[in-house]
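What follows is a short report on a single structure.
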Amino acid sequence: AQRVTQPEKLLSVFKGAPVELKCNYSYSGSPELFWYVQYSRQRLQLLLRHISRESIKGFTADLNKGETSFHLKKPFAQEEDSAMYYCALKKPPPVNSGGYQKVTFGTGTKLQVIP
Amino acid sequence: NAGVTQTPKFQVLKTGQSMTLQCAQDMNHEYMSWYRQDPGMGLRLIHYSVGAGITDQGEVPNGYNVSRSTTEDFPLRLLSAAPSQTSVYFCASRPPGQGGETQYFGPGTRLLVL
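Protein chains in written order, with this note's numbering: chain B, 991 to 1105; chain F, 888 to 1001.
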C-alpha cells in the first residue's frame, strides 16, 4: 500500500534561515509526488509537482528514488511562508474507475517562520 | 467564477443527528471529491465522483453517503453523526483531462459533533 510520511508536525525556523520539510513515501510503482500548501484561512492549493522540476515561491523539491524522499526546500525562509504543507502521492487509476486518480496525503507539517 | 463553494462554514451537531454538507462548483468539472482533515492524519478521501450519477468510496466512507444528480453539486450526508466525525471537511473538483493532483478545493466546513 502507498504511504506518505511527514515526520515533523511543526517546524520553526527564523526568517532568512534555510527550510527543509521532510517527506518520505512508500509505493511499489513509479511515483508522482506533489507538495500542497494551505495558508492561514485560505484553501489548500497545489504548490509544486516533481515532474515539472519547477521552483515556486523559492521552493524546490527533488524526488530521490533511492531514499524514497521528496523533501521541500527553500534557502531563505520568509514570514509569508508560514503555512501548513502537505506532501502527496498520486497513484494511477485502477481499471473501471472512470479514470479517477486518487491522491494520498501526508499528515502535514506546520511551518512557522519566526521574524 | 465562484469556484468550489461549501456550506455551512461551521456546524455543531449532537450525536445521532443527521445533516448534509453542501458542495457546489461552477467550473463544469466532472470529478468531485470529499476529504476530511484531522490533526495528525492529513487529508483522507471519503467519497468521490467521476460524473453525474457515478460515485465511489474512498479511504474512509463509513458513516457518509453521497449522491451526484448534477455536475455542479456533490452533497455529503452524515446519516447519524458521531463524535469521531468531528473534523474539517473539504470538497474538491477538477476536470478529467488534468492529473489527479490538480484539484480545486473549497474553503472547508468545520463540523463539531457533541
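Positions of the beta carbon are idealized from the N, C-alpha and C atoms, including for glycine.
Cβ-based burial, residue i [other Cβ within 10 Å; buried from 16]
| i | result |
| --- | --- |
| residue 1043(B) | exposed |
| residue 911(F) | buried |
| residue 1022(B) | buried |
| residue 992(F) | buried |
| residue 1000(B) | exposed |
| residue 1052(B) | exposed |
| residue 1057(B) | exposed |
| residue 942(F) | buried |
Listed by chain order, chain B residues near residue i by CB distance under 8 angstroms
| i | result |
| --- | --- |
| residue 932(F) | 1092 and 1093 |
| residue 927(F) | 999 and 1097 |
| residue 918(F) | 1090 |
| residue 989(F) | 1036 |
Residues that residue i contacts on chain F, provided the C-beta gap is smaller than 7 angstroms
| i | result |
| --- | --- |
| residue 1034(B) | 977 and 992 |
Residue-chain proximity (residue i, chain F), Cβ-Cβ < 9 angstroms
| i | result |
| --- | --- |
| residue 992(B) | no |
| residue 996(B) | yes |
Chain-ordered chain F contacts of residue i [CB-CB under 8 angstroms]
| i | result |
| --- | --- |
| residue 1076(B) | 929 and 930 |
DSSP beta-bridge partners of residue i
| i | result |
| --- | --- |
| residue 1100(B) | 1000(B) and 1074(B) |
| residue 1038(B) | 1025(B) |
| residue 1060(B) | According to DSSP, residue 1060(B) bridges with nothing at all. |
| residue 964(F) | 907(F) and 952(F) |
| residue 1011(B) | 1062(B) |
| residue 1043(B) | Paired residue(s): none; residue 1043(B) is not in a bridge. |
| residue 991(B) | The partner list for residue 991(B) (beta bridge, DSSP) is empty, contrary to what the question assumes. |
The ligand FAD heavy atom lying under 8 angstroms from the CB of residue i
| i | result |
| --- | --- |
| residue 916(F) | Ligands displayed in this structure: none; no statement on the ligand FAD is therefore possible. |
Short Cβ contact (9 angstroms threshold) for residue i with residue j
| i | j | result |
| --- | --- | --- |
| residue 1096(B) | residue 994(B) | yes |
| residue 924(F) | residue 961(F) | no |
| residue 979(F) | residue 972(F) | no |
| residue 1063(B) | residue 1101(B) | no |
Any C-beta of chain B under 9 angstroms from that of residue i
| i | result |
| --- | --- |
| residue 995(F) | yes |
| residue 945(F) | yes |
| residue 922(F) | yes |
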